[in-house]
Each structure stands twice: as C-alpha cells, then as structure tokens.
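Colleague: Shown below is the structure under consideration.
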Amino acid sequence: MPSRFSPLRRTVRDSSIEESFRILRSNVEVALVNLEPPIAIVTSAYPGEGKTWTVVGLARALAGAGRRVVLVDLDLRKPGVHSALLIPNEIGVSDVLLGKRALDECLQYVEFDSVAGPGRGLYVVTTGKGVTEPAELLGTNRTVRLLEGLAEQADVVLIDTPPVLPVADTLIIGRMVAGAVLVVEARKTSIPAVHRSVEQLTRNQTRILGVVVNKSTERG
Numbered sequence: 004m005p006s007r008f009s010p011l012r013r014t015v016r017d018s019s020i021e022e023s024f025r026i027l028r029s030n031v032e033v034a035l036v037n038l039e040p041p042i043a044i045v046t047s048a049y050p051g052e053g054k055t056w057t058v059v060g061l062a063r064a065l066a067g068a069g070r071r072v073v074l075v076d077l078d079l080r081k082p083g084v085h086s087a088l089l090i091p092n093e094i095g096v097s098d099v100l101l102g103k104r105a106l107d108e109c110l111q112y113v114e115f116d117s118v119a120g121p122g123r124g125l126y127v128v129t130t131g132k133g134v135t136e137p138a139e140l141l142g143t144n145r146t147v148r149l150l151e152g153l154a155e156q157a158d159v160v161l162i163d164t165p166p167v168l169p170v171a172d173t174l175i176i177g178r179m180v181a182g183a184v185l186v187v188e189a190r191k192t193s194i195p196a197v198h199r200s201v202e203q204l205t206r207n208q209t210r211i212l213g214v215v216v217n218k219s220t221e222r223g
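When we follow the working numbering, the leftmost residue of the sequence shown carries the number 4, and every step to the right adds one.
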C-alpha cells in the first residue's frame, strides 16, 4: 500500500478517553463481522457533535490493535480530518474522483505510538480541493470503485461523512458501505434529531452499527 508519510505530532493522552475508544473499537469490529464490504461511515445529525473527533479516535484505536485501517474524509463540505491529524490536504478524494490523481498518490501513512508491523497502521485520504457539487460527485460510480479498492487493501475502512440531516451526501455514501455509526452529543443533540437521523439512514438501507454518545458524564 504505497503512501506519503506523515508523523502524528500531537496525541491525546487520557486513559479514560483511550479506554472509551478501545470499547468502541471492539463494538465496531463485532458489528462488522460477516458484513461486506468492511466499511463504516461515522456521522452525526448536525455539525459540531464530534463525529470527526470520534472517527479519528476510532481509527487510531483500530490501528493501535494491529489493524490495517484506511480513514477517508468524505465531508467535502467541511473537511476536518486533516486538521485533527495535522496532515496536509493539498490532494485527496476530490482529485481521485475527478480523475486528476491516482489513489496511491493521495494515501498518507500516519505514524503514532503503539503501531507495529509491516503494512499495518493508519492510512488517510483527505478531501483534497473543494468542489462545487459534492453530492453529485459522490454519487458517481467512481466513488463505488474508490471504496471497493480501499476495502481490498484494508482490514477496516472508516469514512467521515457530513451530518445526516442538513445534506444528502451521507445518504448517498451510506448505500455503498456496511453500516453507519451515529455520533450524538449529550445535552445538545435532541431526541427527535436522533430519531430522524436513524430513520433517514435506515430508510436509505443503511445499517446502524451503533450510536456513540459524545461528552457524556456517565461512568461505570
């Protein structure tokens, strides 16, 4: 799996957070058993509910367990993965889908502690340059081929997608994957918004793999 190399220069060292992501990792792996392709989207009802932070943490937890993980930022409207990981975003998904770059040119290997083994670890494809009609671009066969190609190279493919309710992008992508993880923020995301998000995803034939409650104060 060729790639450009980017060291992860900043990490969060919080044992309770890391343990939460290990639990999430285990739950997602169980949910993906016997499902094809091994691709999961991570989304939310609305912006600002922690989906990007969650998908990055989940990707690191999976890679830290020795999995070969590809994290793809398909939030072409408001990309955040490159900022969260402190990596470049000059080229990426949009360039591949527009036929301007090969996929291998856009893969970045992100190094961090606890990952060992040839071909293992975390690979990232950022969004690349902005596009004027994200939904139309994502709805092409090129997106299907892109995800199929990544699934053949990885143990797990994770995708950061736009929020479900404001735009159609995630519903388009949801048809191409095994299922979705929905992130909600405690005391912010309304119950009706959660219900509408789940309804839209399931109506779109997207399996719900789980719901993550972000910023919860519950313990135990």
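All residues carry an ideal CB built from backbone N, CA and C; glycine is no exception.
If we require 3 or more residues per run, which beta strand (DSSP E) segments fall completely within the region 137-187?
Modeller: DSSP runs (the beta strand (DSSP E)) wholly in the region 137-187: 159-163.
Colleague: Give me, in chain order, the residues of the same chain whose beta-carbon lies closer than 6 Å to that of Gly-218; leave out the 5 immediate sequence neighbours on both sides.
Modeller: For the record, residue 218 in the displayed sequence is Lys; it is not Gly. Result list for Lys-218: Glu-188 and Ala-189, in chain order.
Colleague: Should Leu-174 be labelled buried (16 or more other beta-carbon atoms within 10 Å of its own) or exposed?
Modeller: Leu-174 is buried by the Cβ-count criterion.
Colleague: DSSP three-state call for Pro-10: helix, strand or coil?
Modeller: Residue placement at Pro-10 cannot be trusted, given a pLDDT of 42 that sits under 50; what the coordinates show is reported in the next sentence. Reduced to three states, the DSSP call for Pro-10 is strand.
Colleague: From what residue to what residue does the alpha helix (DSSP H) around Gln-203 run?
Modeller: 194-206 is the extent of the alpha helix (DSSP H) around Gln-203.
Colleague: Going by beta-carbon coordinates alone, are Val-45 and Asp-76 separated by less than 8 Å?
Modeller: Contact: no.
Colleague: Tell me the start and end of each unbroken beta strand (DSSP E) in the region 67-123 that is at least 3 residues and wholly inside, in chain order.
Modeller: Here the runs fully enclosed are 71-76 and 111-114.
Colleague: In terms of residues, what are the limits of the beta strand (DSSP E) holding Thr-130?
Modeller: First-last for Thr-130: undefined, no H or E at that position.
Colleague: Using CA atoms only, rank isn't needed, just tell me which of Leu-27, Gln-111 and Val-170 is closest to Pro-137.
Modeller: Of the candidates Leu-27, Gln-111 and Val-170, the one whose C-alpha sits nearest the C-alpha of Pro-137 is Val-170.
Colleague: Taking just the CA atoms, how far does Glu-39 sit from Asn-207?
Modeller: Spanning the two alpha carbons is a distance of roughly 17 Å.
Colleague: Under 8 Å: do the region 57-76 and the region 199-206 share three or more Cβ pairs, one atom per stretch?
Modeller: The region 57-76 vs the region 199-206: no contact.
Colleague: Count the other CB atoms, across all protein chains shown, that sit within 10 Å of the CB of Val-15; report buried if there are 16 or more and exposed otherwise.
Modeller: Residue confidence for Val-15 is low, a pLDDT of 46 falling below 50, so the modelled location carries little weight and cannot support an answer.
Colleague: Taking Cβ positions, are Glu-58 and Asp-158 nearer each other than 8 Å?
Modeller: The amino acid occupying residue 58 in the given sequence is Val; Glu does not appear at that position. Against a cut-off of 8 Å, the Cβ pair of Asp-158 and Val-58 comes out as no contact.
Colleague: Can you check whether the CB of Val-128 is closer than 8 Å to the CB of Val-113?
Modeller: Not closer than 8 Å, so no.
Colleague: Do Leu-27 and Val-215 have their beta-carbon atoms positioned less than 8 Å apart in this structure?
Modeller: In this structure, Leu-27 lies closer than 8 Å to Val-215 by Cβ.
Colleague: For Val-84, is the classification buried or exposed, using 16 other Cβ atoms within 10 angstroms of its Cβ as the cut-off for buried?
Modeller: Val-84 is buried by the Cβ-count criterion.
Colleague: Quick one: residues in its chain with C-beta nearer than 8 Å to the C-beta of Leu-106, no 5 flanking neighbours on either side, listed in chain order?
Modeller: For Leu-106, where only same-chain residues beyond five positions count, the Cβ hits under 8 Å are Val-99, Val-128, Leu-149, Gly-152 and Leu-153.
Colleague: Starting from the C-beta of Val-160, find all residues in its chain whose C-beta is less than 6 Å away, skip the five residues before and the five after it, and write them out in chain order.
Modeller: The answer, listed in chain order, is Ile-42, Val-73, Leu-153 and Ala-154.
Colleague: Write down every uninterrupted run of the alpha helix (DSSP H) in the region 26-66 whose length is 4 residues or greater and which is fully enclosed by it, in chain order.
Modeller: Whole alpha helix (DSSP H) segments, 4+ residues: zero.
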